[in-house]
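Chemist: Just dropping this structure here.
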Amino acid sequence: MVQYRWMSYLLWFLVFLAKLVESYFFLTLSLRDPIRNLSTMTMRCVGEVWYGDVVCRNQAKIVLGLMYLVDLLLFFLDTYMWYIICNCIFSIGRSFYLGISILTPWRNIFTRLPKRIYSKILATTEMEIKYKPKVLISQIWNAIVISMYREHLLAIDHVQKLLYHQVPSEIEGKRTLRAPTFFVSQDDNNFETEFFPRNSEAERRISFFAQSLATPMPEPLPVDNMPTFTVFTPHYSEKILLSLREIIREDDQFSRVTLLEYLKQLHPVEWDCFVKDTKILAEETAAYENGDDSEKLSEDGLKSKIDDLPFYCIGFKSAAPEYTLRTRIWASLRSQTLYRTVSGFMNYARAIKLLYRVENPELVQYFGGDPEGLELALERMARRKFRFLVSMQRLSKFKDDEMENAEFLLRAYPDLQIAYLDEEPALNEDEEPRVYSSLIDGHCEMLENGRRRPKFRVQLSGNPILGDGKSDNQNHAVIFHRGEYIQLIDANQDNYLEECLKIRSVLAEFEELNVEHVNPYAPTMKNDENNIKKDPVAFLGAREYIFSENSGVLGDVAAGKEQTFGTLFARTLAQIGGKLHYGHPDFLNATFMLTRGGVSKAQKGLHLNEDIYAGMNAMMRGGKIKHCEYYQCGKGRDLGFGSILNFTTKIGAGMGEQMLSREYFYLGTQLPLDRFLSFYYGHPGFHINNLFIQLSLQVFILVLANLNSLAHESIICSYNKDVPITDVLYPFGCYNLSPAVDWIRRYTLSIFIVFFISFIPLVVQELIERGVWKAFQRFVRHFISLSPMFEVFVAQIYSSSVFTDLTVGGARYISTGRGFATSRIPFSILYSRFADSSIYMGARLMLILLFGTVSHWQAPLLWFWASLSSLMFSPFIFNPHQFAWEDFFIDYRDFIRWLSRGNTKWHRNSWIGYVRLSRSRITGFKRKLTGDVSEKAAGDASRAHRSNVFFADFLPTLIYTAGLYVAYTFINAQTGVTSYSYEINGSTDPQEVNATLRLIICALAPVVIDCGCLAVCVGMACCAGPMLGLCCKKTGAVIAGIAHGVAVIVHIVFFIVMWVTEGFNFARMLLGLATMVYVQRLLFKFLTLCFLTREFKNDKANTAFWTGKWYNTGMGWMAFTQPSREFVAKIIEMSEFAGDFMLAHIILFCQLPILCIPLIDRWHSMMLFWLKPSRLIRPPIYSLKQARLRKRMVRKYCVLYFTVLIMLVVIIAAPAAASGQIAVDQFANIGGSGSIANGLFQPRNVSNNDTGNHKPKSYTWSFLSTRFTGTTKGYSTNPF
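Terminal number for the sequence shown in this note's numbering: 1293, no gaps in between.
Structure follows, in structure tokens:
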């Protein structure tokens, strides 16, 4: 429509207007003074032995070039920032226009709710028998309230206050309906505590129901005339119904709580309602079995309370199946299970029957004394209009417990349709098995084998599971749908009766109920503008309520992202033509979509995010995608750190594949500019923005290294920005670096604003949905719970997954897991999972940031300390019970074992396995298989294209290393040094140093020594390994341990060597160490790219290298070439082991201060789970034997932990203490002027102040004029 097109134009006009104004005043003007000063600045430095002062004197210009690059990145970044802001503003306006906001003042949602139920839920225009509105409204309202009572959301006293009641009328002999006072007491502000529990699920559902009816809705059709639709859910291995064992027993050794206990803490009111309901049932059963003996039941109140303890503990006192099943159902309805989804969406059938009965009172009269006949007629109508289809791909391969749960679903909901794949043996031996797509429901007869006879059975041409599974699962079963529309639902969603009552208005949004029968291909249509056919509605998006938001900070963060994307942004994108299909809980036009590619795409790898391709397909083929504001479903999201990041990785990798797809090419080249911008910033722009954020952070740290090395070696002028630029700067000969240093503050503010923009959508969404106080509460709770750290980490995972997929490929489906995150994850698993994607980068940049902080301190650097700390420590901060004292040191024991195992015998969780898996992303795997058990753990990774790796990985590392090298050589170039206080090579004049040779020695000597150590170890392994292996089973582990230990010691030694050769200067040593790390990293990338062939999927090459047993490994002729390949790999692994050993220990040592805080585990749990202190999870209970064993482990590894800590402190403190005891000129004369070691040691305690009396010679016009006039002009040595 024209108005929506103008809305799109206006949005992007405002975005670019704000961007250009901000870019001029904030980005361009902030660079004005640094450009003026740095572009004319030439440094007075001594330089390097090998190439003099060629580089160092141009350091200011190099810094300026890097600042240009950072400013350019910020210029690209801020477009997305303004898009978010403008999108939120438009979305707020749209919500006020629709009346969906809680802040909308002109809507009295509760007092008008009965009238709106009558006008917007009921279709009364064609009713044959007219009743008073109150009679019809009461049936709808009472059904909603009773459904909440049956779900244990309301207690019986709340129900009595909310129901319509029949009371005697003023007319004798008649009765009338009394409306609940709830509708008229809204203004008293006491309904929250009187009618339902405070902040309860019932309050939320009733509030949204009332609020949603205040929005514009299509008029509902009678049930007879409404379209038919199908709810379609794919299922693979998701939980159907929780077993009793899963509910009342702890999950694993790291868990501290049972699932039932945790659910009781999250839903205390609902558990209390459930227990009361169960007690009533138990008492009625007991009274029925034992007769009426009420006096006996109430004779002892204390005994009764004691007898009730099992109810409050596990929900039942009798182990009879009907009681245990109730507890299982209660827990399943509050977890992310298929049973919750089925029970929720089968409310459609209840809603259709309810509406049909209420709107057709003549039907009730017709079946007056035959309730069974009435129910049969209602069920017949519900079956005509609604079908629930679950595609259970694995049903024929279910285990007994899974099959029992599926049967329970069919018994509970006989109309549920289940499609599955059924296999039969091939007719001929050389053929594949025959595969059928079959359909069953609860009415199918049972066969002798316990299975049901299918209603339909369609033979397929082969196994349809060719891609990642989910989309194939959908595509084979979609043939069993019925009706014009399909609602796509995941197996972790929920629905409610009051929402299902709106289904007729929802389906009317497809604009097909009153279609004019016009032939669009008729010749008269071409020139008649009044008969232009509107675009068909292909998809109708709907809101989602994330019911997992109350499960702690991480669950709430995930819920907030889903809510804002699915509601706040979708509201605007649907209006401007930028919304796509995202899978759930969208409705689709089945006729339109199934003739244009289906509900999803299924190519393996490429279609990792399978749903969005259907949306792009619809957009390209003329379909319209709308968004519905008044209808919402429940949705579960990932709850734990690992599962959320798995989902993030899957989405990021899927976006990388989308960018390579032909759909993106078509949309990118064919859409109008405004719709293209909406499409870009609504989808790939978010991920590319994350890439730019991380790139700008890395480039800024490089700028910081170069700028602070410049500031560290320079005398900075006393600067006043308010005086004219022509004024003389003091002290004379200084460098005016203040504008450049001040630029860091401006950049930090820019990044700070860009980061906090990510919180605006959540705050705005909460503000318009729940009000100011709730928005403020949620915002504060997020900050107290350190969610900004998590946001930084998530942004890094997004960018890393997109970048990795574009570079090396390998996108694959990742099962995220939907359980509650209450278990402590071992340190080694967290480290290996997030080291490559975040921890390594954070550690490298933090080392450079430490140099920047030491060399030239500025307060804005605290922001970058917080950001980089997030990249390094987030996995451990958000790990449940990370700071429990005993668990911490037992975890340290597992980490030490993780480092050392896997070198004699393959182990699923080992350091060497993690390194090989990381390396295989570049090298890929060989196709040769030997049948070894270790091959099952390896995936299918093909070798990355060398050009991709070179340009995307090696070349950026080379450029970054060069940038650090420039900073390192400049800080050693003796800027401003005019003389020494002692003689070097017989002179006090400043002499060039050889920092480059110093760097080469410190970076490459450890690698050379590692090569020698490996050669010795290989000789030992080949000569003595096979014989020693007969008596000592751990020969390989011992040899590997010796080699790795030597690697750690050698790297520590050369860390000290770097410190000593830098003249014991801590700042220079830090920059030298960072440059060493990058030089080694560059070398290892080169070796990997050029010399490493593909990995074997098994681990035999690694074990053979350390044990010397190359024979009988199954490698064939490759056994002759593999040792040389493995030798190169081990050279890399030696340095990687040393790096991982030191980095992991530094991370563990940094947690020690937190570990020592009293009751830290309690406070940490409160932060993560948002539970009150009285509801915190209890510590685990161990047997006496287990407790003794744990204490022994803790004592042993506590000693090891503190021993390593003391050694690390000594390594750092010893050179620092020795610097004051060693003479200044101790190493000054090592190596003569012609020696290769000349300038290897940095001169110590030299003055680089050549200002004031030591100012450089000035050859200005005034100086030259004094030479000819003979006059002199004095300069004050103390200008202040």
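Backbone N, C-alpha and C fix where the C-beta goes; we use that ideal spot for every residue, glycine too.
1. Among the residues of its own chain, which have a CB less than 7 angstroms from the CB of Ser954, if the five just before and after it don't count?
2. What residue range is occupied by the uninterrupted beta strand (DSSP E) comprising Val448?
3. Could you check the C-alpha separation between Arg857 and Ser883 for me, to the nearest Å?
4. In angstroms, rounded to a whole number, what distance separates the CA positions of Lys639 and Lys592?
5. Would you please state the rounded distance, in angstroms, between the beta carbons of Arg1203 and Tyr1214? I believe it to be under 8 angstroms.
6. Based on Cα-Cα distance, which residue from Val172, Phe195, Ser182 and Thr137 lies nearest to Asn121?
7. Figure out for me which residue from Gly386, Ile502, Ile342 and Ser36 has the closest Cα to the Cα of Val244.
8. Just verifying my parser: in three-state terms, what is the DSSP assignment at Asn540?
9. Since I believe Pro1256 is in contact with Tyr844 (beta carbons under 8 angstroms), could you give me their beta-carbon distance rounded to a whole number of angstroms?
10. List the residues that DSSP assigns as beta-bridge partners of Asn602.
11. Taking the beta carbon of Pro334 as the centre, do at least 16 other beta carbons fall within 10 Å, making it buried, or is it exposed?
12. By the DSSP assignment, the beta strand (DSSP E) with Asp413 in it spans what residues?
13. Exposed or buried, Tyr282, counting other C-beta atoms within 10 Å across all chains shown (16 or more means buried)?
14. Is the number of C-beta pairs between the segment 907-927 and the segment 677-689 that are closer than 8 angstroms three or more?
15. Going by DSSP, name the residue or residues bridged to Glu61.
16. Distance check for His795 and Arg650, CA to CA, integer angstroms please.
17. Given that a residue counts as buried once 16 or more other Cβ atoms are within 10 Å of its Cβ, and exposed if not, what is Ser63?
18. Which same chain residues end up closer than 8 angstroms to Ser36 when comparing Cβ atoms and leaving out the 5 residues on each side of it in sequence?
19. Grab me the residues of Met230's own chain with a C-beta within less than 8 angstroms of its C-beta, minus the 5 sequence neighbours each way, in chain order.
20. Let me make sure I understand the geometry here. Which of Met672, Ser800, Leu51 and Val1031 has the alpha-carbon closest to that of Gly78?
21. Provide the residue span of the beta strand (DSSP E) that contains Leu6, from first to last.
22. Near Glu562, what residues of its chain come up, given a Cβ to Cβ distance below 7 angstroms and the 5 sequence neighbours on each side ignored?
23. In whole angstroms, give me the CA-to-CA distance for Phe713 and Met80.
24. Assuming contact is defined by CB atoms lying nearer than 8 angstroms, are Phe552 and His594 in contact in what I supplied?
25. Does Asn1007 pass the burial test, meaning 16 or more other C-beta atoms within 10 Å, or should it be called exposed?
26. Among Tyr748, Leu708, Val754 and Trp876, which residue has its Cα nearest to the Cα of Phe765?
27. How about the segment 220-237 and the segment 469-489: do they share at least three Cβ pairs that are nearer than 8 angstroms?
28. Pro247 by DSSP, collapsed to three states: which one?
29. For the alpha helix (DSSP H) containing Leu1181, list its first residue and its last residue.
30. Can you grab the Cα-Cα spacing for the pair Gly112 / Glu392, in whole Å?
31. His958: buried (16+ other C-beta within 10 angstroms of its C-beta) or exposed?
32. Determine the DSSP secondary structure at Ser1000, reduced to helix, strand or coil.
33. Which stretch, first to last residue, makes up the beta strand (DSSP E) that contains Val471?
34. Do the CB positions of Lys617 and Gly480 come within less than 8 angstroms of each other?
35. Which residue from Cys286, Leu257 and Asp285 puts its Cα closest to that of Leu272?
36. Just the C-alpha distance for Met632 and Glu623, rounded to the nearest angstrom, thanks.
Modeler: Straight from the coordinates:
1. Residue mapping note: residue 954 aligns to position 941 of the sequence shown, counting from 1. One detail in the question is off: residue 954 reads as Ala in this sequence, not Ser. So the list reads Gly823, Ser933, Arg934, Gly937 and Phe938, once near-sequence residues are dropped.
2. In the sequence shown, residue 448 corresponds to position 435, counting from 1. Note, Val448: beta strand (DSSP E), Arg447 to Ile453.
3. The residue labelled residue 857 in the question sits at position 844 within the sequence shown. The residue labelled residue 883 in the question sits at position 870 within the sequence shown. Whole-angstrom Cα-Cα distance: 13 angstroms.
4. Position 626 of the sequence shown holds residue 639. Position 579 of the sequence shown holds residue 592. Using only the alpha carbons, I get a separation of about 8 angstroms.
5. In the sequence shown, counting from the first residue as 1, residue 1203 sits at position 1190. In the sequence shown, counting from the first residue as 1, residue 1214 sits at position 1201. That pair is no contact at about 15 angstroms.
6. Looking up residue 121 in the sequence shown gives position 108. The alpha carbon of Asn121 has as its nearest neighbour, out of Val172, Phe195, Ser182 and Thr137, the alpha carbon of Phe195.
7. Residue numbering aside, residue 244 sits at position 231 when the sequence shown is read from its first letter. Distance check between Val244 and each of Gly386, Ile502, Ile342 and Ser36 places Ile502 closest, using alpha-carbon atoms only.
8. One-based indexing of the sequence shown puts residue 540 at position 527. Only weak support is given to the placement of Asn540: the predicted model assigns it a pLDDT of 49, under 50, and the value that follows is read from those uncertain coordinates. Coil at Asn540, not helix or strand.
9. Indexing the sequence shown from 1 puts residue 844 at position 831. Indexing the sequence shown from 1 puts residue 1256 at position 1243. With a Cβ gap of about 41 angstroms, Tyr844 and Pro1256 do not count as contacting.
10. Here residue 602 is taken as the residue at index 589 of the sequence shown, counted from 1. Its beta-bridge partners are Tyr498.
11. Reading the sequence shown from its first residue, position 321 is the one you call residue 334. With fewer than 16 neighbouring CB atoms inside 10 Å of its own CB, Pro334 falls in the exposed class.
12. Counted from its first residue, the sequence shown places residue 413 at position 400. Per DSSP, Asp413 is not a residue of any beta strand (DSSP E); the alpha helix (DSSP H) it occupies stretches across Asp413 to Ala425.
13. The sequence position of residue 282 within the sequence shown is 269, counting from 1. The sequence as given places Val at residue 282; Tyr does not occur at that position. It is buried - the Cβ of Val282 has at least 16 other Cβ atoms within 10 Å.
14. By the criterion of at least three beta-carbon pairs nearer than 8 angstroms, the segment 907-927 is not in contact with the segment 677-689.
15. For this step, residue 61 is matched to residue 48 along the sequence shown. Partner(s): Gly65 and Val1006.
16. By 1-based counting over the sequence shown, the position of residue 650 is 637. By 1-based counting over the sequence shown, the position of residue 795 is 782. Spanning the two alpha carbons is a distance of roughly 17 angstroms.
17. Within the sequence shown, numbered from 1, the residue matching residue 63 stands at position 50. Checking the sequence shown, residue 63 turns out to be Trp, not Ser. Answer is exposed; the Cβ neighbour count stays below 16.
18. Within the sequence shown, the letter at position 23 stands for residue 36. A distance below 8 angstroms between beta-carbons, with the five flanking residues on each side excluded, links Ser36 to the following residues of its chain, in chain order: Phe88 and Asp91.
19. One-based indexing of the sequence shown puts residue 230 at position 217. So the qualifying residues of the chain are Lys133, Lys515, Ser518 and Tyr643.
20. Taking the first residue of the sequence shown as 1, we reach residue 78 at position 65. Closest by alpha carbon: Leu51.
21. Nothing can be reported for residue 6, as the shown portion of the chain is limited to 14 through 1293.
22. For the purposes of this step, residue 562 is taken as the residue at position 549 of the sequence shown. By the criterion of a C-beta distance shorter than 7 angstroms, Glu562 is surrounded in its chain by Gly568, Asp569 and Ala572, once the five residues flanking it on both sides are discounted.
23. Locating residue 713 in the sequence shown gives position 700, counting from the first residue. Locating residue 80 in the sequence shown gives position 67, counting from the first residue. Whole-angstrom Cα-Cα distance: 8 angstroms.
24. By 1-based counting over the sequence shown, the position of residue 552 is 539. By 1-based counting over the sequence shown, the position of residue 594 is 581. Yes, these two residues count as a Cβ contact at 8 angstroms.
25. On the sequence shown, position 994 is the one that residue 1007 refers to. Asn1007 is buried by the Cβ-count criterion.
26. Here residue 765 corresponds to residue number 752 of the sequence shown, with the count starting at 1. Closest by C-alpha distance to Phe765, out of Tyr748, Leu708, Val754 and Trp876, is Trp876.
27. No: the two stretches stay apart, fewer than three of their Cβ pairs being nearer than 8 angstroms.
28. The count along the sequence shown starts at 1 and reaches residue 247 at position 234. Pro247: strand per DSSP, three-state reduction.
29. Along the sequence shown, read from residue 1 onward, the residue named residue 1181 stands at position 1168. Element bounds for Leu1181: Ile1173 to Phe1182.
30. Position 99 of the sequence shown, counted from the start, is the residue given in the question as residue 112. Position 379 of the sequence shown, counted from the start, is the residue given in the question as residue 392. Their Cα atoms are separated by approximately 36 angstroms.
31. Reading the sequence shown from its first residue, position 945 is the one you call residue 958. Burial is judged here by how many other beta carbons sit within 10 angstroms of a residue's own beta carbon; His958 has fewer than 16 and is exposed.
32. Reading the sequence shown from its first residue, position 987 is the one you call residue 1000. Looking at Ser1000 - three-state DSSP - the assignment turns out to be strand.
33. The count along the sequence shown starts at 1 and reaches residue 471 at position 458. In the DSSP annotation of this structure, the continuous segment of the beta strand (DSSP E) that includes Val471 starts and ends at Phe469 to Gln472.
34. As a working mapping, residue 617 is identified with position 604 in the sequence shown. As a working mapping, residue 480 is identified with position 467 in the sequence shown. Between Lys617 and Gly480, the CB-CB gap stays under 8 angstroms.
35. By one-based count along the sequence shown, residue 272 stands at place 259. Closest option to Leu272, Cα to Cα, is Leu257.
36. Counting from 1 along the sequence shown, the entry for residue 632 is found at position 619. Counting from 1 along the sequence shown, the entry for residue 623 is found at position 610. So the two alpha carbons sit approximately 15 angstroms from each other.
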